[in-house]
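The next block holds one structure in the form of C-alpha cells; read it before the comments.
Protein chains: 4
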Amino acid sequence: MMTLDEARSQLTTANHILAREGVLDAFGHVSMRHPSNPARYLLARSRSPELIESSDILEFTLDSQPVAPVTGFLYGERVIHGCIYQARPDVHAICHHHSRAMMPFCISGIPLRPVDHLGATMGAVIPFWDQRDEFGDTNMIVARSEEGQSLARTLGPHWVVLMRRHGATVVGISMEEMVFRSVFSCRNAELQREAHALGGVTELTPAEIEKAGAFNLEPRPIARAWEYWTMRLRQARAA
Amino acid sequence: MMTLDEARSQLTTANHILAREGVLDAFGHVSMRHPSNPARYLLARSRSPELIESSDILEFTLDSQPVAPVTGFLYGERVIHGCIYQARPDVHAICHHHSRAMMPFCISGIPLRPVDHLGATMGAVIPFWDQRDEFGDTNMIVARSEEGQSLARTLGPHWVVLMRRHGATVVGISMEEMVFRSVFSCRNAELQREAHALGGVTELTPAEIEKAGAFNLEPRPIARAWEYWTMRLRQARAA
Amino acid sequence: MMTLDEARSQLTTANHILAREGVLDAFGHVSMRHPSNPARYLLARSRSPELIESSDILEFTLDSQPVAPVTGFLYGERVIHGCIYQARPDVHAICHHHSRAMMPFCISGIPLRPVDHLGATMGAVIPFWDQRDEFGDTNMIVARSEEGQSLARTLGPHWVVLMRRHGATVVGISMEEMVFRSVFSCRNAELQREAHALGGVTELTPAEIEKAGAFNLEPRPIARAWEYWTMRLRQARAA
Amino acid sequence: MMTLDEARSQLTTANHILAREGVLDAFGHVSMRHPSNPARYLLARSRSPELIESSDILEFTLDSQPVAPVTGFLYGERVIHGCIYQARPDVHAICHHHSRAMMPFCISGIPLRPVDHLGATMGAVIPFWDQRDEFGDTNMIVARSEEGQSLARTLGPHWVVLMRRHGATVVGISMEEMVFRSVFSCRNAELQREAHALGGVTELTPAEIEKAGAFNLEPRPIARAWEYWTMRLRQARAA
Numbered sequence: 186m187m188t189l190d191e192a193r194s195q196l197t198t199a200n201h202i203l204a205r206e207g208v209l210d211a212f213g214h215v216s217m218r219h220p221s222n223p224a225r226y227l228l229a230r231s232r233s234p235e236l237i238e239s240s241d242i243l244e245f246t247l248d249s250q251p252v253a254p255v256t257g258f259l260y261g262e263r264v265i266h267g268c269i270y271q272a273r274p275d276v277h278a279i280c281h282h283h284s285r286a287m288m289p290f291c292i293s294g295i296p297l298r299p300v301d302h303l304g305a306t307m308g309a310v311i312p313f314w315d316q317r318d319e320f321g322d323t324n325m326i327v328a329r330s331e332e333g334q335s336l337a338r339t340l341g342p343h344w345v346v347l348m349r350r351h352g353a354t355v356v357g358i359s360m361e362e363m364v365f366r367s368v369f370s371c372r373n374a375e376l377q378r379e380a381h382a383l384g385g386v387t388e389l390t391p392a393e394i395e396k397a398g399a400f401n402l403e404p405r406p407i408a409r410a411w412e413y414w415t416m417r418l419r420q421a422r423a424a
Numbered sequence: 186m187m188t189l190d191e192a193r194s195q196l197t198t199a200n201h202i203l204a205r206e207g208v209l210d211a212f213g214h215v216s217m218r219h220p221s222n223p224a225r226y227l228l229a230r231s232r233s234p235e236l237i238e239s240s241d242i243l244e245f246t247l248d249s250q251p252v253a254p255v256t257g258f259l260y261g262e263r264v265i266h267g268c269i270y271q272a273r274p275d276v277h278a279i280c281h282h283h284s285r286a287m288m289p290f291c292i293s294g295i296p297l298r299p300v301d302h303l304g305a306t307m308g309a310v311i312p313f314w315d316q317r318d319e320f321g322d323t324n325m326i327v328a329r330s331e332e333g334q335s336l337a338r339t340l341g342p343h344w345v346v347l348m349r350r351h352g353a354t355v356v357g358i359s360m361e362e363m364v365f366r367s368v369f370s371c372r373n374a375e376l377q378r379e380a381h382a383l384g385g386v387t388e389l390t391p392a393e394i395e396k397a398g399a400f401n402l403e404p405r406p407i408a409r410a411w412e413y414w415t416m417r418l419r420q421a422r423a424a
Numbered sequence: 186m187m188t189l190d191e192a193r194s195q196l197t198t199a200n201h202i203l204a205r206e207g208v209l210d211a212f213g214h215v216s217m218r219h220p221s222n223p224a225r226y227l228l229a230r231s232r233s234p235e236l237i238e239s240s241d242i243l244e245f246t247l248d249s250q251p252v253a254p255v256t257g258f259l260y261g262e263r264v265i266h267g268c269i270y271q272a273r274p275d276v277h278a279i280c281h282h283h284s285r286a287m288m289p290f291c292i293s294g295i296p297l298r299p300v301d302h303l304g305a306t307m308g309a310v311i312p313f314w315d316q317r318d319e320f321g322d323t324n325m326i327v328a329r330s331e332e333g334q335s336l337a338r339t340l341g342p343h344w345v346v347l348m349r350r351h352g353a354t355v356v357g358i359s360m361e362e363m364v365f366r367s368v369f370s371c372r373n374a375e376l377q378r379e380a381h382a383l384g385g386v387t388e389l390t391p392a393e394i395e396k397a398g399a400f401n402l403e404p405r406p407i408a409r410a411w412e413y414w415t416m417r418l419r420q421a422r423a424a
Numbered sequence: 186m187m188t189l190d191e192a193r194s195q196l197t198t199a200n201h202i203l204a205r206e207g208v209l210d211a212f213g214h215v216s217m218r219h220p221s222n223p224a225r226y227l228l229a230r231s232r233s234p235e236l237i238e239s240s241d242i243l244e245f246t247l248d249s250q251p252v253a254p255v256t257g258f259l260y261g262e263r264v265i266h267g268c269i270y271q272a273r274p275d276v277h278a279i280c281h282h283h284s285r286a287m288m289p290f291c292i293s294g295i296p297l298r299p300v301d302h303l304g305a306t307m308g309a310v311i312p313f314w315d316q317r318d319e320f321g322d323t324n325m326i327v328a329r330s331e332e333g334q335s336l337a338r339t340l341g342p343h344w345v346v347l348m349r350r351h352g353a354t355v356v357g358i359s360m361e362e363m364v365f366r367s368v369f370s371c372r373n374a375e376l377q378r379e380a381h382a383l384g385g386v387t388e389l390t391p392a393e394i395e396k397a398g399a400f401n402l403e404p405r406p407i408a409r410a411w412e413y414w415t416m417r418l419r420q421a422r423a424a
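Chains as they are written, first to last, in the numbering used here: chain A, 186 to 424; chain B, 186 to 424; chain C, 186 to 424; chain D, 186 to 424.
Below, the structure written as C-alpha cells:
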C-alpha cells in the first residue's frame, strides 16, 4: 500500500501532467482517495494545478471538511470530490476540469461519443448533467452537498460526466487510469469535433467500446502513457 | 494606495501576461488609471506589449496628451483609453486588442455571448461598434477624440465592446479584474465558435450571467488566476 | 550498406522526428527492415516514440517474433510491421500512428486526397481498411497475423492506408522517404480538412500526383526536410 | 545605402522571422534585391529558412543564374524571384511560401479578402494563378522561366498572388514591408477562415483597404512589429 507521502507525490504529479497535457488550466482540480483510509480524500488548497506542490495537499472527510484547521482558500467545488467518493466506493481518483476540448460539447449539448479505441476508455454511456434542471439559476458553481450529490447521481456507475455550460468530471479506479481517461477523453472530443466538421462520425459499436476500453486500461498501455507524460513533464520543467 | 512605481510594475506585468496568454501580439495596448490622480492614466510608449519595461510607461492626461515631453512614437489609438477614463469613473484598467479569438466575431458580426461561467464575467450585454456608421471610410484607427468618444458611448456601462473588423476593448474596475475578463472573454469566444461549429450554442440565462459573473470576480478566483499567470510568465522568461 | 548500429541510430532519430513533428504521441511505432538481412526488422520495445533510445531497439523475424529473448513489454501491434515487410519486399520503413491530423478522416470516412504537391507523395490511391469487415467486433488492436495480413492486403502496392476509427500506416522504400511521407500526409490531411470547411477542395489530377510525387521524393527535397527536422530536434533537446 | 553584408544579415533575419512566425517551414524561400545592383538578387542556397546563415546567401542574375560557381543544391523555384524582379522594378523583397494559413484558400479557390485593418496591407486585389491553365499537368514546381513569367504576369501590380494547390508569393518595396505583409496576410487568412465558419465575412470597403493599408505600412507600425519579431527570435534562439 502507498504511504501518505507517496500519495501526495503522485497527486502532485497528476496535477502537473493534466496541466501539461491541456486538461487543466488556471482552474480545475484533482483528488485521490486517501491510500489507507477510504473515508478521507486528498486535495490541494485552492491553487492552479500546475503550481501545486506536495505541501499544498490537504486531507478531507467525505463531507469535504478539512481534517485539520486550514488558513487560506479552499477549492469552492470540493463537494464534487466528496460526494462522488461517497457514492462510488470503487473510485480512487477524480478530476474536474473545463478543458477547451470538452467545453464545446458542454455548450452545444451534442453528445460526446467514443470515436476511437482510446476514447473507448470513457465507456459506452457518458451522462450529461445540467445544474439548472434541479437548482434553477445559480452561479453555476457546484458548492453545496445537494449539488454534488445530484452530480454523483447523474454520473451513476459511469466514468465521465459532462456538466452543461461548465465542464466535465472524470473518475477512475486508480490515479493512472483516471489520468489516462482524462487525457484521451479530451482527445476523443477533439477528434469527434473535427470529424463532425469534416462530414460526420461513425462511432464504435457497444462491443468494440467494451473490448477496446478494457484493453487500453491494462497495465501495458497505461504504463507506456504514464512514462511518456512524466518524461514530458520533466523536460518542460528542466527547460 | 499603490505608489506610482508599483503601478508601473503592475501595468508592465499585465502587458506581459496578456501577451503570454495570447490576447495581445505585436499590436494592442494596456493602460491603468493613475493610482493617486484620477485625471491621469498610465500607458507605455509605442511598443509591443511583450517587450514593455517599467521605464517605457508614460503619464497622460485624460485628453491623451503626454504630461511630460516625449521623444519617439506614441500609440496612435491612445484616445481609446482617455475617452473611456473620462466617461467611466469606475474604470481603472483598459486593454485594446485584436486577439485571434475575438476577431472572427468582429468580422462576421455574429454576436458574442457568455457561454460558460467564466465568460459570464463579460456581463450580459456586449455592444458592437462599427466606426463606419459615424465616420464613413477611415483608416480604421481610432485616433481622434470624436472616434474615442463614440466608442466610449457604445461601450456605455458595459465591460467589453467589439469593434467591427478591428478588435475589442475590455475594461475593469481593477487591473486584475480587467486581465481576468480579457483572458476569459477570449476563451469564451473560442468556445462559442467551436460549439457553434459542432451544432449550436446554449447561452447562460441572465440570472446565471449575473450570479456566475459576480462569483468569478471575487478575490479567490481572481487571485488564483493571477498567481497562475504570473508563474507561467516567470517560467517562460526564465527558460 | 548501413551497419546495424547506424540503422539503430537512424530509427531512433526517426522516432524522435515523428514525435516532434506531431505524427506520434504516447502511442504509435516506427520500424525499419534490417539493413543486411531482409528477413528481419528492427523495432523498439514498447515505449513512447519520443523516449526511445538506441538500446531499446530489438530485432524481429518477419513473423514478428523477437530474435533474442526479451524481458518487458513489446508493442502489441507489431504484426503490422512484419506482415507488410512480408508482403512488400520494396518497403524498408513503416510507421503506424494515430495522429490528430489523420484521425478525422479515419472517423468520418471522408476520403483523404492529395490536395497539394507535397501531399502527392501519398500516391493516387489511399486505401481504407475497416477491421470490422473481416473480424467483426474486436478490441481494435491489430495483434494477430490474420489481422496484419488483411491490412497488408488492403495496403496493396500503395503507400498510405487509413484504418477506420483507429489510425494510419505509412510505408516507404527508405526511412527518409517514409518520414517525409508521414509528415506531409498529415499536413495534407490538415489542409484538406480546412479547405473542406472553407468551401470545398480541388484535388490534383492523376498526372500531377504522379509528377509532383516523384519530384518531391528526389534527393534534394528529402535532404532539405531531413536536415530541417533533425535541426529542430537538436534545438528542442538542447533547450 | 545598405552594404552587401548588411543585406545578407537582414535577409537571414527575415528568413528566421518568417519561420518563427509560421509563414515558412521546411520549404519556402525569401529573397531581396541586391542593395547596390538592381540587376541582381540575393537568395540562400537550398536550405530550410530557419537554418539559413549569412554564409548561405548567394547572388543571382535576374535570369536566376548564380553569379559565382556553386557547389550543392539551389532552390528549384528561384525563377519566381528572378521573374518578379524583372517585371517589378519597385519590388525589393519576395517570399514564396506554403503556409498552413494560406493553403486552404489555394486549395478551395475561395477568394482571400482583406477582413481587418492589418490584412488591408495585401491591397484590394489578390490574384489567383493556376499553373495548369497555361502549362497543363506539371510537377507543380515553378522551375522554368515561362512559368515564372506567367506567375509575374498574374501578380501584375499587386502584392500577394495565390498559387492554386501550391502556395503564395508575397512582395514588398522593402524587406520590412514584405515581412509585415507576409505575416499579416497569413493572419488575415486565418481570421477569414474562422469568421467564414462562424457565419460569414464582411470585408473592408475599397476606401478602407486603401487607407488602412497605407497607414499600417508607415514607419511606426512596421518598426513596432519588426522589433517584436526580432525580440521573439532572440528569445527563441537563446532558450
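For glycine and all other residues, C-beta sits at the position ideal for the given N, C-alpha and C.
Since this is a predicted model, take the numbers as computed values, not measurements.
C-alpha of R317/D to C-alpha of E388/C: approximately 12 Å in a straight line. Taking a C-beta distance under 8 Å as the contact criterion, D322/B and K396/D qualify as a contact pair.
Under DSSP, no beta-bridge partner is assigned to I358/D. The residue from R273/D, V276/D, T306/D and F313/D with its alpha-carbon nearest to that of M288/D is F313/D.
If only complete runs of 3 or more residues are kept, the region 274-338 of chain A shows the beta strand (DSSP E) at 278-282, in order along the chain.
Under the criterion of beta carbons closer than 8 Å, R350/C and C280/C do not qualify as touching, at roughly 19 Å. Contact annotation: in the region 290-324 of chain A, residues whose CB is within less than 7 Å of a CB in chain C are V300, D301 and H302.
R372/D is the residue among R205/D, R417/D and R372/D whose C-alpha sits nearest the C-alpha of M307/D. E361/B does not reach chain A, its nearest Cβ partner there being about 13 Å away, counting only Cβ pairs nearer than 7 Å. Of all C-beta pairs linking the region 376-391 of chain C to the region 327-339 of chain C, fewer than three are shorter than 8 Å, placing the two stretches out of contact. Listed along the chain, the chain D residues whose CB falls inside 7 Å of the CB of H381/B are L383.
Chain B places a beta carbon closer than 8 Å to that of L376/D, counting this residue as a contact. V386/C has a beta carbon lying within less than 8 Å of a beta carbon in chain D. With the criterion set as a beta carbon lying under 8 Å from some beta carbon of chain C, the members of the region 229-245 of chain D are S231, R232, S233, E235 and L236, in sequence order. In chain order, E244 place their CB closer than 6 Å to the CB of V252/C, counting only its own chain and leaving out the 5 sequence neighbours on each side. Distances from the alpha-carbon of A286/A to those of R193/A, P406/A, L209/A and L418/A put L209/A closest. Taken in chain order, the members of the region 343-372 of chain D whose beta-carbon sits within less than 7 Å of a beta-carbon on chain C are R350 and H351. C-alpha of E235/A to C-alpha of Y413/B: approximately 8 Å in a straight line. At least one CB of chain B lies nearer than 8 Å to the CB of M416/D. The three-state secondary structure of E375/B, taken from DSSP, is helix. The criterion of a C-beta distance shorter than 8 Å is not satisfied by M363/C and A309/C. Checking the DSSP bridge columns, you'll see S216/A partnered with L228/A and I279/A.
Burial state of D190/D is exposed, judged by a 10 Å Cβ sphere holding fewer than 16 other Cβ atoms. Among the bridge pairs identified by DSSP, V345/B is matched with V355/B.
When 8 Å is used as the limit between beta carbons, A204/A is near no residue of chain C, the shortest such separation being about 17 Å. Burial is judged here by how many other beta carbons sit within 10 angstroms of a residue's own beta carbon; Q250/C has fewer than 16 and is exposed. In this structure, R366/B and G352/B do not form a Cβ contact; the two beta carbons are roughly 15 Å apart against a cut-off of 8 Å.
Of the candidates S194/B, N200/B, F212/B and G207/B, F212/B places its Cα closest to the Cα of R405/D.
Under DSSP, T246/A shares a beta bridge with R225/A. DSSP places P254/D outside both helix and strand once states are collapsed to three, so it counts as coil. Look at the region 389-414 of chain B: it has no residue with a C-beta under 8 Å from a C-beta of chain D. Straight-line spacing of the CA atoms in V255/C and N200/C works out to 21 Å.
Nearest to V276/C by C-alpha distance, out of S194/C, R422/C, P220/C and M416/C, is P220/C. Within chain A, the residues whose beta carbon sits less than 9 Å from that of R285/C are R372, E375, L376 and E379, listed in sequence order. Setting aside the 5 residues that flank it on each side, Y270/A is surrounded in the same chain by R218, Y226, L247 and V276, each with a C-beta closer than 7 Å to its C-beta; the list follows chain order. Taking A272/D as the centre and dropping the five residues before and after it, the same chain places the C-beta of A337 closer than 7 Å to its C-beta, in chain order.
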